[in-house]
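Each remark here refers to the structure printed beneath this line.
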Amino acid sequence: MTETKRGGIALHWLMLLGFAVGLGGGLWVNLTLGAETAWVIWVTDNVTGPAGQIFLRLLFMMVVPLLFSALVIGVAEMGDLNSLGRAGIKTLLLTILVSGIAVVIGLVMVNLLQPGRGVDPAMAQQLLEQGRDGAAGIVEKAPESIQLGDFFLDLVPSNAVTAAAENQILPLMVFALFFGIGLVMAKSPATDRLQEVIEGLFEVTMKLINLFIKLAPFAIACLMFNLAALFGWDLLVRLAAFVGVAVGAMAIHMFVVYPLVIWILGGRSPITFFRAVREPMVVAFSTASSNASLPVSLKAAEQQLKLPKKIARFVLTVGATANQNGTALFEGVTVLFLAQFFNIELSLTQQVIVMLVCILGGIGTAGVPAGSLPVVAMILVMVKVPPEGIGLILGVDRFLDMCRTTLNVTGDLVLATVVSRGEKDDPVEPVDPMEPEDLPGAARRGLKHGTAG
Numbered sequence: 001m002t003e004t005k006r007g008g009i010a011l012h013w014l015m016l017l018g019f020a021v022g023l024g025g026g027l028w029v030n031l032t033l034g035a036e037t038a039w040v041i042w043v044t045d046n047v048t049g050p051a052g053q054i055f056l057r058l059l060f061m062m063v064v065p066l067l068f069s070a071l072v073i074g075v076a077e078m079g080d081l082n083s084l085g086r087a088g089i090k091t092l093l094l095t096i097l098v099s100g101i102a103v104v105i106g107l108v109m110v111n112l113l114q115p116g117r118g119v120d121p122a123m124a125q126q127l128l129e130q131g132r133d134g135a136a137g138i139v140e141k142a143p144e145s146i147q148l149g150d151f152f153l154d155l156v157p158s159n160a161v162t163a164a165a166e167n168q169i170l171p172l173m174v175f176a177l178f179f180g181i182g183l184v185m186a187k188s189p190a191t192d193r194l195q196e197v198i199e200g201l202f203e204v205t206m207k208l209i210n211l212f213i214k215l216a217p218f219a220i221a222c223l224m225f226n227l228a229a230l231f232g233w234d235l236l237v238r239l240a241a242f243v244g245v246a247v248g249a250m251a252i253h254m255f256v257v258y259p260l261v262i263w264i265l266g267g268r269s270p271i272t273f274f275r276a277v278r279e280p281m282v283v284a285f286s287t288a289s290s291n292a293s294l295p296v297s298l299k300a301a302e303q304q305l306k307l308p309k310k311i312a313r314f315v316l317t318v319g320a321t322a323n324q325n326g327t328a329l330f331e332g333v334t335v336l337f338l339a340q341f342f343n344i345e346l347s348l349t350q351q352v353i354v355m356l357v358c359i360l361g362g363i364g365t366a367g368v369p370a371g372s373l374p375v376v377a378m379i380l381v382m383v384k385v386p387p388e389g390i391g392l393i394l395g396v397d398r399f400l401d402m403c404r405t406t407l408n409v410t411g412d413l414v415l416a417t418v419v420s421r422g423e424k425d426d427p428v429e430p431v432d433p434m435e436p437e438d439l440p441g442a443a444r445r446g447l448k449h450g451t452a453g
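Reading the sequence shown from the start, the letters are residues 1 to 453 in UniProt numbering.
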């Protein structure tokens, strides 16, 4: 997330302030008055509750155009597959593989450490009922159970419009994937104009999300007040456990998976690799923006890692919008944490579905400011977890955003290194990697809109 400011104060500081005010007020109410006091019930039912739900509904409103346009454009940007051949195929397969490993690590960590357990079941059930009311009936539309055979059958929608209207996220993603592939295969002036229209939809969606996210400080204060008033100190303990598990899973992926991939598939020394990519890692952590880090990553790839320019530029620019290991891992950890928090048992099949959606979500929401929030909310709806539980993690999301963006950017460089193995550069005219106009469309849009990691 970029340093958007309101009244001279960066938005993430206002979000942190809203988190502190809501948490402090809710804890005071919980410890001194109790959650059953008449005026507290009135305020939570008529003021803070509806205010938080409005923010969440604004996010829900953008889910369909966001996922469709972002995923279609993300696939269509891989139109360079025709010219890069093996590099494009390897990029796509490695993106799916490494993102899948990231999500699996997150899910295993949450299942082993159980960071969301320990909340009073009665209180969790009370908030669960509030969540069902606040989700405007969407939760009730989720299936009671999911069979593996039906799951694969339902992946292909018989009517894409119906799938979108009924918030069926996976069939919608499959339709968007095929639509993007069709744009790549059917290149013509007409399809180029269609792609520009979808890019316009993508940019309008990003602009609206940027507008809505400005309400986040107020929404966070309201959501945290409700949650803290109900759960008290249990909330802080669970939140700290969530942050610890999320950061731990990211650390395992960064310092175990990436070195193994570099060593085995890339044929390079992990120590030499990490020494060469220190600068983009620092920029990614400090800015929490994958696309803002892209020029620095291009420079490191070409000058420090000595990768072929044609491969580095293709893989890094595509990766900045499609290879989001940290985002996929974060989404999986968040969904399972909130399911545990609300005492909702997810079957193995449901967790596999969560994993698949997170992998696709890493492609479909990459480079969109706060784009992971609608995806997390929709996954929560799919598994019948109250989506306003997102309010639990918004206050600590800035730090986690910095961590997962660093993982994303490093993963792009890992991908570029592996794909470059055995490839040689063609003679090309010198291009300054720091100039945005020299980058493909996805990267230019990211720099223009200041998108998040």
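Heads up, the beta-carbon is just placed ideally off N, CA and C, and yes, glycines get one too.
Assumed close pair I101, V257 - CB separation to whole angstroms, cut-off 8 angstroms | Right, the Cβ-Cβ distance comes to about 6 angstroms (below 8 angstroms), so this counts as a contact.
Touching by the beta-carbon criterion (3+ pairs, under 8 angstroms), the region 309 to 326 and the region 404 to 420 = Touching, yes.
Drop a sphere of 10 angstroms on the beta-carbon of E196, count the other beta-carbons inside from all chains shown, and report buried for 16 or more, exposed for fewer.
-> Exposed, by the Cβ-count rule.
Backbone CA spacing between A221 and S420 [nearest angstrom] | Roughly 47 angstroms between the two C-alpha positions.
With respect to the alpha helix (DSSP H) encompassing A300, which residues constitute its N-terminal and C-terminal limits?
-> Run containing A300: none; DSSP gives neither H nor E here.
I379 - DSSP class collapsed to helix/strand/coil | Correct three-state label for I379: helix.
If you draw a straight line from the alpha carbon of S69 to that of I359, how long is it in whole angstroms?
-> Their backbone Cα atoms lie some 17 angstroms apart in a straight line.
Work out the CA separation of N343 and L298 for me, nearest whole Å.
-> When rounded, the separation of the alpha-carbon atoms in L298 and N343 is 45 angstroms.
Three or more C-beta pairs below 8 angstroms linking the region 384 to 401 and the region 238 to 249 = Touching, yes.
Does the region 161 to 179 come within contact of the region 34 to 50, defined as at least 3 CB pairs closer than 8 angstroms?
-> Taking 8 angstroms as the limit for Cβ pairs, the verdict is that the region 34 to 50 does not touch the region 161 to 179.
Determine the contact status of M281 and T417, defining contact as a CB-CB distance below 8 angstroms.
-> Going by C-beta atoms, M281 is not nearer than 8 angstroms to T417.
Given a cut-off of 8 angstroms, decide if A377 and F60 are closer than it, judged by their beta-carbon atoms.
-> Yes, the pair counts as a contact, with Cβ atoms nearer than the cut-off.
Report the rounded CA-to-CA distance for V383 versus L305, giving the unit in angstroms.
-> Whole-angstrom Cα-Cα distance: 43 angstroms.
Looking at A288 and M402, is the spacing between their C-beta atoms short of 8 angstroms?
-> Going by C-beta atoms, M402 is nearer than 8 angstroms to A288.
So, is S188 buried or exposed, given that buried needs 16 or more other C-beta atoms within 10 angstroms?
-> S188 should be labelled exposed.
Sort V318, F341, K214 by Cα distance to W13 and report the nearest one.
-> Ranking V318, F341, K214 by Cα distance to W13 puts K214 first.
Is the Cβ-Cβ distance between P115 and F337 less than 8 angstroms?
-> In contact: P115 and F337 (Cβ atoms closer than 8 angstroms).
Can you grab the Cα-Cα spacing for the pair E302 / G26, in whole Å?
-> If I take the Cα positions, the gap works out to 52 angstroms.
Start and end of the alpha helix (DSSP H) containing N323?
-> Looking at the DSSP string, N323 is not in any alpha helix (DSSP H), and its letter there is neither H nor E.
If we ignore side chains and look at the alpha-carbon of each, how far apart do residue 456 and G52 end up?
-> For the chain, the structure presents residues 1 to 453; residue 456 sits outside this window and is missing.
Where V409 falls: helix, strand or coil (DSSP) = V409 falls in the helix class under three-state DSSP.
Residue from T162, G422, T205, R398 with nearest C-alpha to F19 = Nearest of T162, G422, T205, R398 to F19, Cα basis: R398.
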